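With the numbering used here, the residue at position 358 of the sequence shown is 1173, and numbering never jumps. Built from N, CA and C at the ideal position, the CB exists for glycine as well. The model shown is predicted, which means the values in this text are computed figures rather than measured ones. Remarks on the structure that follows.
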Amino acid sequence: MLDGTTAEIRERQALRINPAKTCQPIGAMYAALGINGCMPHSHGSQGCCAYHRSHLTRHYKEPVAATTSSFTEGASVFGGLANLQQALENIFTIYKPKIVAVHTTCLSEVIGDDIPMIIERARREGKIKPDQLVMHTNTPSFVGSHVTGFSNQCASTIKYFSESSGETKNVVNLFPGWVEPADMREIKRMAKEMGIEFILFPDTSGVLDTGHTGHYEMYPAGGTTLEQIKAMGDSFQTIAMGPLASKAAAEELEKKCNVPSRLLELPIGLSNTDAFVNAMRLAGQVPVPASIEEERSRLIDMMSDMAQYMHDKKVAIFGDPDQVTALTQFLVEMDMKPVIAVTGTPGKAFEAKIKEICAEKCPEVEARAYSDVHFLHQWIKNNPVDLLIGNGFGKFVAKAEGNIPFVRFGFPIMDRVGHRAFSTIGYTGAMRLIEQITNAFFDYRDRNDPDEKIELVL
Ligand code: SF4
816 MLDGTTAEIR
826 ERQALRINPA
836 KTCQPIGAMY
846 AALGINGCMP
856 HSHGSQGCCA
866 YHRSHLTRHY
876 KEPVAATTSS
886 FTEGASVFGG
896 LANLQQALEN
906 IFTIYKPKIV
916 AVHTTCLSEV
926 IGDDIPMIIE
936 RARREGKIKP
946 DQLVMHTNTP
956 SFVGSHVTGF
966 SNQCASTIKY
976 FSESSGETKN
986 VVNLFPGWVE
996 PADMREIKRM
1006 AKEMGIEFIL
1016 FPDTSGVLDT
1026 GHTGHYEMYP
1036 AGGTTLEQIK
1046 AMGDSFQTIA
1056 MGPLASKAAA
1066 EELEKKCNVP
1076 SRLLELPIGL
1086 SNTDAFVNAM
1096 RLAGQVPVPA
1106 SIEEERSRLI
1116 DMMSDMAQYM
1126 HDKKVAIFGD
1136 PDQVTALTQF
1146 LVEMDMKPVI
1156 AVTGTPGKAF
1166 EAKIKEICAE
1176 KCPEVEARAY
1186 SDVHFLHQWI
1196 KNNPVDLLIG
1206 NGFGKFVAKA
1216 EGNIPFVRFG
1226 FPIMDRVGHR
1236 AFSTIGYTGA
1246 MRLIEQITNA
1256 FFDYRDRNDP
1266 DEKIELVL
């Protein structure tokens, strides 16, 4: 499909080809699904909402419920006030959520709809009852990316609901950033193992990875409860993971409720997980349990066993800034050479961080923010790599380049299962990453080696 891609790279300012990102409301929708009993509401046309829902459904392999203001020509010209008021009335009557999280789309942003005013007016006119909770977040898709939308939704939730009662509790807030439901589960497991009291926000485990019961639940049992979101204002510290996805929420809570925060990279790989474990140890004033130390030692054993296959392997990686940054760190720890790292999300901090991480091992690294998969592909043509890591769209590049080893990582992955079920966070998650990477190398050799070179033992 991408066989026509040429090696000649032309710098582009006003054009993205196969962008390595998607639009803000998808992130807002994903974060809202991590709130217990929440109905995400898309204030725009049906097409936006259908696309966002289907993208999430295809990635998480779960039905994603969301409602829409269903703009037509009238709302596009005169504004979406009537549509949103009618929608809120219908949603509470028919779907009975605990809360509706309204996010905007390009269209409602361009029109300039004042969502807080519309919500307030609906309340004044009795279209929403006093106990029916509605919040909003602005998610214009012509800036940022889906990660910005996730970040905005998290910060807005805190702005609306977190409160300080004046009494500080011995509880740590854990903001996981944009990770899979399995990763959220793993973060909770590790925090429990450490013996600390915590609130995880948002929490899509138990929402987007539910078991099969034979009954459809519009609001599965998982998700951070409103009581927990309120109570986050009384916690004594926040550990926010993934700067782009979690920093705004941590800052909002600090500003509103005076809860200090500690910002970490996502706990992907050895040193990033060490930092997470250490932050929990310091916050809870607890020792690291033997079980966690054992997990760490098993990871180190696996890293040293597989080092012979990893050494100096050239890697191209693309995806979301928080995930690519943390994974690049792990690749360097495994003695690999990340030669190109691309994200579609704007922000120069990404490029600086990647260069810093690769300074010793691979100073020639090409780091690009606000770029695209087409650029990554052209770069690979000029400087072939041993491994490609990225979301499902990477398979077209891998195929065009002779089926180079390809590991799916990030969002979206619509052509495989397992990403929402098996964590890549923490020490055990890092072992899974090693498994995926080494197996990709082994599969490549099994596929391509001549018969006389095929080995049963690799
Ligand atoms: S980019 Fe804008 S118009 Fe397109 S789907 Fe996203 S919100 Fe809708």
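- Secondary-structure assignment with DSSP links LYS1152 through a beta bridge to LYS1129.
- Pairing ALA902 with ASP1116, the inter-Cα distance amounts to about 56 Å.
- The straight-line gap separating the alpha-carbon atoms of GLU978 and GLY941 is approximately 26 Å.
- Ranked by Cα distance from VAL1232, the first of LYS1176, SER971, ARG1183 and GLU995 is GLU995.
- By the Cβ test, the segment 1077-1097 is in contact with the segment 1047-1060, since at least three Cβ pairs between them sit closer than 8 Å.
- In this structure, the beta-carbon distance from HIS858 to GLY895 falls below 7 Å.
- Boundaries of the beta strand (DSSP E) around ARG1183: 1181-1183.
- Residue nearest to THR1019 within the set ASN1254, TYR1259, ILE1252 and ALA1236 is ALA1236 (criterion: CA-CA distance).
- Going by DSSP, ILE1014 is part of the beta strand (DSSP E) stretching over 1013-1015.
- For HIS856, the uninterrupted beta strand (DSSP E) run begins and ends at 853-858, by DSSP.
- At least one heavy atom of the ligand SF4 lies less than 6 Å from the C-beta of THR920.
- Relative to the ligand SF4, TYR845 has its C-beta separated by 6 Å or more from all heavy atoms.
- Of all C-beta pairs linking the segment 1190-1203 to the segment 843-853, fewer than three are shorter than 8 Å, placing the two stretches out of contact.
- A direct Cα-to-Cα measurement between THR1088 and THR920 gives close to 36 Å.
- Between VAL1222 and ILE1252, the C-beta spacing is below 7 Å.
- Excluding sequence positions up to five before and after ASN985, its CB lies within less than 7 Å of the CB of GLU1012 and PHE1051, all in the same chain and listed in chain order.
- For VAL925, no beta strand (DSSP E) segment is defined; the enclosing uninterrupted segment is the alpha helix (DSSP H) at 921-926.
- For the pair HIS961 and SER884, the Cα-to-Cα distance works out to about 20 Å.
- Each of VAL925, ASP928 and MET854 was checked against the Cα of ILE909, and the nearest Cα belongs to MET854.
- For CYS969, the shortest C-beta to heavy atom distance toward the ligand SF4 is 6 Å or greater.
- In summary, ALA829 is exposed, with fewer than 16 beta-carbon neighbours lying within 10 Å of its beta-carbon over all protein chains present.
- Checking the 6 Å criterion, the Cβ of CYS864 is out of range of every heavy atom belonging to the ligand SF4.
- Between VAL987 and the set GLY1021, ALA1046, PHE1190 and PHE965, the nearest pair of CA atoms involves ALA1046.
- Nearest to ASP946 by C-alpha distance, out of ARG1260, PHE907 and THR1158, is PHE907.
- With respect to the 7 Å criterion, ALA937 and GLN900 are classified as neighbours on the basis of their beta carbons.
- Look at the beta carbons and you see the segment 1174-1192 not touching the segment 1239-1251: under three pairs across the two are nearer than 8 Å.
- Sequence-distant partners of PHE886 (beyond 5 residues in either direction) whose C-beta falls short of 7 Å from its own C-beta, in its chain, are GLY859, SER860, GLY895, ASN898 and LEU922.
- Taking C-beta atoms under 8 Å as the contact rule, GLY1159 and ASP1187 qualify, at a distance of about 6 Å.
- Within the segment 960-1036, the runs of alpha helix (DSSP H) that reach at least 4 residues and sit entirely inside it are, in chain order, 961-976 and 996-1009.
- Per the coordinates, the alpha-carbon of MET1246 lies some 6 Å from the alpha-carbon of LEU1114.
- Cβ-Cβ separation between GLU877 and LEU1085: approximately 31 Å, too far for a contact (criterion under 8 Å).
- Contact between VAL1154 and ILE1204 does not hold, since the beta-carbon distance rounds to 12 Å and is not under 8 Å.
- Rounded to the nearest angstrom, the gap between the Cα atoms of THR872 and VAL879 is 6 Å.
- Within 6 Å of the C-beta of SER956 there is at least one heavy atom belonging to the ligand SF4.
- Closest in alpha carbon position to GLY819, among LYS1210, HIS1192, THR1243 and ILE933, is HIS1192.
- The C-beta distance from ASN851 to THR1039 rounds to 6 Å, short enough to fall under 8 Å.
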